[in-house]
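Okay, structure first, notes after.
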Amino acid sequence: MSLATTIRTLQRGASCCVGRDLSARVHYWGADRKHPGTPIHKHSFFEICYVVDGTGLYSENNEDFPLEKGTFFLSRPHHLHRIHKGNNLFLFWVAFEIEKENTSEKQQILFEKLAIEDKIYIPNSEDNATVLLWKSLIQHAEQTSSADILNTLGVSLILSLQSLFCGIEDDQRPKPSYDKGRKIVEEAQRFIKDNLDQPLSLNDVACFFHVSPRHLSRLFSETLGIPYTYYVRHERIREATKKIRSTSRSIQSIADECGFTSVHYFCRVFLQETSITPAEYRRRNQV
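In terms of this note's numbering, the sequence shown opens at residue 357 and continues consecutively.
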């Protein structure tokens, strides 16, 4: 597929990039292996370019910036600028504006910051993750990927470009992992639910998560307010009631599938938890 066709595909698939907190109207995506340059002009929107190869000059406010492979440059809204003196100048570019009605206040503030950002020129960026993201977007367009993929990558690229020029605010950074003990308990809960047909002894589960049985028992008591063994028993009964209601499998089979060592033990625990026998529960709740 030719580069021009690739860009047309990209424009069709990602002309409006919508994410969870951001909606960006893309006026045009572009790529040219021999960019011809532009006269002095300005836009009412953002335009950001990346130099894939070649050389040239970018001029803004009577200042010249040398364009070389690996350079990003930003044209802010309402600023006169031009690209000229290109020599085999291979550029990627995107022109966009934020649709405020569908963008969170937080994202609006970030892009308002981009509109007044003084740092408009970033050379030596060939290994920057934003470059890889842009090239991935181009490759997906070349392979005629779905509009959903192009939209998702487009949103990610626009967000990445904003943070490239403006930096990352403290509240944008990934939050530190919360309490390690709570994390262990949550992972253990998922493990238990996925392995109810197994013995799930405290020793075995503690070994799986590389903690001592005493520590895991204490974490369950402190985090959930119940002992480990009670939690396992409760989950076994919860799963058993679901199977009794929704299947015709025998009580013996359900007891085995839920990890009870015998049907007699299962019936005794079930009665303690629900105040009725499994058979009576089935009669009352059979779907």
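Ideal Cβ positions, reconstructed from N, Cα and C, are used throughout, including at glycine. None of the values given here were measured: they were computed from a predicted structure.
In the assembly as shown, T361 is an exposed residue. Its beta-carbon has fewer than 16 other beta-carbons within 10 Å.
Within the same chain, Cβ atoms closer than 6 Å to the Cβ of G442 are found at H391, G393 and G412, the five residues on either side in sequence being excluded. In the displayed model, E455 falls within coil according to three-state DSSP, outside both helix and strand. Nearest neighbour of L580 by Cα position, chosen from G523, A544 and N507, turns out to be A544. Of all alpha-carbon atoms in S502, K598 and I454, the one lying nearest the alpha-carbon of I465 is that of I454.
If you draw a 10 Å sphere on the C-beta of G523, you find fewer than 16 other C-beta atoms in it, and that means exposed.
Secondary structure in the stretch 491 to 568: the alpha helix (DSSP H) runs of 4 residues or longer, each lying completely within the stretch, are 503 to 522, 536 to 550 and 558 to 564 in chain order. The closest CA to that of L445, considering only Q463, D420 and C405, is found on C405. Note on geometry: alpha-carbon atoms of S609 and E591 lie some 17 Å from one another.
Check the Cα spacing between F576 and each of D612, Q554, R624 and G537: the tightest is with G537. If you compare the alpha carbons of L359, M357, S358 and C372 with that of L513, the shortest gap goes to C372. With a cutoff of 9 Å on beta-carbon distance, F402 and R432 are scored as near each other. Judged by DSSP secondary structure, R601 falls outside any beta strand (DSSP E) and instead within the alpha helix (DSSP H) spanning Y584 to S602. Cβ contact annotation for W449 (same chain, cutoff 7 Å, sequence separation greater than five): G386, E403, I404 and C405, in chain order.
By the C-beta density criterion, A611 is buried, having at least 16 other C-beta atoms within 10 angstroms.
For L359, the enclosing alpha helix (DSSP H) has its first and last residue at L359 to G369. Contact annotation: the stretch 583 to 598 touches the stretch 547 to 558, with at least three C-beta pairs closer than 8 Å. Close CB contacts of F467 within its chain, under the 7 Å cut and outside five residues either way in sequence, are with I454 and Q518 (chain order). Within a 10 Å sphere around the beta-carbon of T500 sit fewer than 16 other beta-carbons, which makes this residue exposed. A straight-line Cα-Cα distance of about 41 Å links L430 and D535. Bridge pairing for N443: T411 [DSSP].
The distance from the Cβ of I607 to that of A635 is about 7 Å, consistent with a contact at the 8 Å cut-off.
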